[in-house]
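Trainee: If you're matching positions, the sequence shown starts at 242 in the numbering used here and goes up one per residue.
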Amino acid sequence: MEAQSSSNKSLAENGEVHSRSDANMLRVVKAGQNIVKDEIAKHFDIKSLPSSIKSIRIVDVGCFYGSTTVNAMHNVMDAIKSKYQSEGLENQVPEFEVFFNDLESNNFNALFKFLPPNRDYFAAALPASFFNPILPKQSFHVVHSSNSLNWLSEIPKELTDSSSPAWNKGKIHYTNAQKEVVEAYSAQYAKDLQRFLGARAHDVAVGGLMALLVPSVPEIHLSSETLSCSDFVIFGDCMTDMAKEGIIKEEQVDSFNLGFYFSCPKELKEIIERNGEFSIESMAKLDGLTSNTVPIEKRALILRGGLEGIFKRHFESDEVVDEIFDRYSKKVLSSTLHLRPETHKMAVVFILLKRKPLID
242 MEAQSSSNKS LAENGEVHSR SDANMLRVVK AGQNIVKDEI AKHFDIKSLP SSIKSIRIVD
302 VGCFYGSTTV NAMHNVMDAI KSKYQSEGLE NQVPEFEVFF NDLESNNFNA LFKFLPPNRD
362 YFAAALPASF FNPILPKQSF HVVHSSNSLN WLSEIPKELT DSSSPAWNKG KIHYTNAQKE
422 VVEAYSAQYA KDLQRFLGAR AHDVAVGGLM ALLVPSVPEI HLSSETLSCS DFVIFGDCMT
482 DMAKEGIIKE EQVDSFNLGF YFSCPKELKE IIERNGEFSI ESMAKLDGLT SNTVPIEKRA
542 LILRGGLEGI FKRHFESDEV VDEIFDRYSK KVLSSTLHLR PETHKMAVVF ILLKRKPLID
């Protein structure tokens with residue numbers, strides 16, 4: 242689960258964070274696993290592989306630690322095996338090399354404990370930023386990524402610049418903020434996604450596939466109608482109240498912004514087409530799979546797993562972090578959006594990309 246800025250990446254430095262957050266990712270991967278398997282089996286091109294190929298390389302980029310990540314890779318391998326079987330080549334399936342990629346702070350040792358002892362594939366960790374190439378040219382045949390591309394590599398600098406129209410004073414996210422703030426987030430997201438696609442264009446073989454599950458919203462700038470973004474508003478309100486009471490400084494709130502961005506499908510598609518290195522083979526919205534299935538009284542615990550490290554790094558106080566989550570637990574009980582999950586607009590987009598031929 243990649244995030245480059247120092248405040249964001251702190252959550253990946255604690256294995257407990259991943260174990261608590263894994264339930265959210267599990268819903269995404271489980272809901273998407275059938276379409277991932279079906280579309281990879283449909284579009285994987287055996288004929289494009291060298292006749293002398295010894296192994297097929299697949300990678301999960303920006304991976305979480307836990308059984309969910311391992312199962313996602315098994316799903317990809319099953320799809321490829323299914324393609325070989327459908328073409329009567331079940332006895333010619335090459336060996337598999339499975340790579341797990343995230344920043345160096347990911348708990349790869351914990352992840353590898355979830356690998357089956359009698360596995361029929363080779364596994365390795367690739368500690369590196371997915372915004373850069375992670376293996377030599379044309380190394381991978383299939384890339385998988387889930388719930389990682391909504392993390393920004395850094396917070397736009399103008400959000401904390403009091404002289405900028407995008408100064409996000411009194412807020413910690415673009416939800417319900419002025420349009421200049423939204424535009425700053427959107428521009429950073431587009432820049433990051435272009436970097437990601439450029440890096441994958443380097444290390445994905447021609448004809449190779451990339452299966453992405455990307456948290457999204459139905460229409461651009463409807464963030465206030467998503468549970469996650471509504472949570473960010475509540476957290477921001479808690480911090481503002483604490484600043485008014487002198488528990489924290491106002492400057493601490495004004496200098497803090499969360500590095501999450503949720504694109505709409507149209508926005509995502511336009512960035513990919515602008516990049517030009519991949520063709521879009523399949524794209525579908527998996528609506529409703531992130532509906533609020535967590536009891537509201539337990540939501541603070543789930544969110545703490547994902548946000549505690551970020552808050553602690555910025556405020557540098559366990560007591561302040563405890564107070565933020567205590568206040569959130571009370572405020573969320575009066576949130577109309579959380580009490581009426583049918584209004585939740587969050588979705589996940591599945592998109593399958595194919596690496597285009599190289600241009601001389």
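Quick reminder that beta carbons are idealized off the backbone N, C-alpha and C, glycines included. If you're wondering where the values come from, they're calculated on a predicted model, not measured in any experiment.
For Asp495, count neighbouring Cβ atoms within 10 angstroms of its own Cβ and tell me buried if that reaches 16, exposed if not.
Mentor: Answer is buried; the Cβ neighbour count reaches 16.
Trainee: What residues in its chain sit with their C-beta under 6 Å from that of Ala446, if we drop five residues either side in the sequence?
Mentor: Answer for Ala446: Gln379, His382, listed in chain order.
Trainee: DSSP three-state call for His284: helix, strand or coil?
Mentor: Residue state, collapsed to three classes: helix.
Trainee: For Val458, which three-state DSSP category applies?
Mentor: Residue state, collapsed to three classes: coil.
Trainee: Between Phe501, Ala351, Leu450, which lies nearest to Leu290 when the distance is taken from Cα to Cα?
Mentor: Closest by alpha carbon: Leu450.
Trainee: Helix, strand or coil for Ser289? Go by DSSP, reduced to three states.
Mentor: Helix, per DSSP.
Trainee: Going by other Cβ atoms of all chains shown within 10 Å of its Cβ, with 16 needed for buried, is Pro456 buried or exposed?
Mentor: With 16 or more Cβ atoms within 10 Å of its Cβ, Pro456 is classed as buried.
Trainee: Could you check the C-alpha separation between Ile551 and Phe476 for me, to the nearest Å?
Mentor: Taking the straight line joining both Cα atoms gives about 12 Å.
Trainee: In whole angstroms, what is the alpha-carbon distance linking Glu522 and Val474?
Mentor: Cα-Cα distance, rounded: 36 Å.
Trainee: May I ask you to report which of helix, strand or coil DSSP gives Asp402?
Mentor: Coil at Asp402, not helix or strand.
Trainee: Please determine, among Leu400, Asp319, Leu527, Arg568, the residue with the shortest C-alpha to C-alpha distance to Arg545.
Mentor: Looking at the Cα atoms, Arg568 is the closest of the given residues.
Trainee: I'd like to check one pair, Asn516 with Leu438: are the Cβ atoms closer than 8 Å?
Mentor: Their beta carbons are under 8 Å apart, which means Leu438 touches Asn516 by this criterion.
Trainee: Drop a sphere of 10 angstroms on the beta-carbon of Thr219, count the other beta-carbons inside from all chains shown, and report buried for 16 or more, exposed for fewer.
Mentor: Residue 219 lies beyond the stretch modelled for the chain, which goes from 242 to 601, so this question has no answer here.
Trainee: Out of Pro598, Phe353, Val302, Ser469, point me to the one whose CA is closest to Ser389's CA.
Mentor: Selected option, being the one with the closest Cα: Val302.
Trainee: Specify the secondary structure class of Glu522 as computed by DSSP and reduced to three states.
Mentor: If DSSP states are grouped into helix, strand and coil, Glu522 belongs with the strands.
Trainee: Tell me where the beta strand (DSSP E) around Arg596 begins and ends.
Mentor: Run containing Arg596: 588 to 596, per the beta strand (DSSP E) assignment.
Trainee: Closest to Leu509 by CA distance: which of Tyr430, Ile537, Cys470 is it?
Mentor: Comparing Cα-Cα distances from Leu509 to each of Tyr430, Ile537, Cys470, the minimum goes to Tyr430.
Trainee: Please classify Asn275: is it buried, with 16 or more other beta-carbons within 10 angstroms of its beta-carbon, or exposed?
Mentor: Burial call: exposed.
Trainee: Going by C-alpha to C-alpha distance, which of Asp559, Ser327, Phe337 sits closest to His315?
Mentor: Taking only the C-alpha atoms, the option nearest His315 is Phe337.
Trainee: Measure the C-alpha to C-alpha separation of Pro358 and Lys595 and round it to an integer number of angstroms.
Mentor: Cα to Cα, Pro358 sits roughly 32 Å from Lys595.
Trainee: For the candidate residues Ser520, Pro335, Val277, whose alpha-carbon lies nearest to that of Ala313?
Mentor: Nearest C-alpha to Ala313: Val277.
Trainee: Would you check if the distance between the CB atom of Arg298 and the CB atom of Phe349 is smaller than 8 Å?
Mentor: Going by C-beta atoms, Arg298 is not nearer than 8 Å to Phe349.
Trainee: Under 8 Å by Cβ, that's how I've got His414 and Asn498 pegged, so tell me the actual separation to the nearest angstrom.
Mentor: With a Cβ gap of about 7 Å, His414 and Asn498 count as contacting.
Trainee: Hey, quick one: how far does the beta strand (DSSP E) through Asp343 stretch, first residue to last?
Mentor: Looking at the DSSP string, the run of the beta strand (DSSP E) that includes Asp343 is 336 to 343.
Trainee: Tell me the rounded alpha-carbon separation between Val317 and Arg441.
Mentor: Approximately 18 Å, taken between the alpha carbons.
Trainee: So, does the region 361 to 370 touch the region 319 to 335, judging by three or more C-beta pairs under 8 Å?
Mentor: With a cut-off of 8 Å, the region 319 to 335 and the region 361 to 370 do not count as touching, because too few Cβ pairs lie within range.
Trainee: If you draw a straight line from the alpha carbon of Ala407 to that of Ser370, how long is it in whole angstroms?
Mentor: Roughly 28 Å between the two C-alpha positions.
Trainee: Please classify Phe591: is it buried, with 16 or more other beta-carbons within 10 angstroms of its beta-carbon, or exposed?
Mentor: Phe591 comes out buried.
Trainee: Less than 8 Å between the CB atoms is what I'm expecting for Val573 and Ile537, so what's the real figure, rounded?
Mentor: Correct: roughly 6 Å between the Cβ atoms.
Trainee: To test your reading of the DSSP string, which unbroken beta strand (DSSP E) runs of 3 or more residues are found completely within the region 291 to 376?
Mentor: Qualifying beta strand (DSSP E) stretches, in chain order: 296 to 302, 336 to 343, 363 to 368.
Trainee: Near Met286, which residues of its chain fall below 7 Å by C-beta distance, leaving aside the five closest residues on each side in sequence?
Mentor: Per the sequence shown, the amino acid found at residue 286 is Asp instead of Met. Hits under 7 Å: Gly448.
Trainee: Along the chain, where does the alpha helix (DSSP H) containing Val648 start, and where does it finish?
Mentor: Because residue 648 is not part of the residues shown, which for the chain are 242 to 601, the question remains open.
Trainee: Rounded to whole angstroms, what is the Cα-Cα separation between Ser346 and Ile375?
Mentor: Going by the C-alpha atoms only, they are around 16 Å apart.
Trainee: Between the beta-carbon of Gly547 and the beta-carbon of Trp392, is there less than 8 Å?
Mentor: No, Cβ-Cβ distance for Gly547 and Trp392 is not below 8 Å.
Trainee: Can you tell me the Cα-Cα spacing of Val334 and Asp319, whole angstroms?
Mentor: So the alpha carbons of these two residues sit roughly 11 Å apart.
Trainee: Could you have a look at Phe566 and say whether DSSP puts it in helix, strand or coil?
Mentor: The answer is helix: DSSP assigns Phe566 an H, G or I state.
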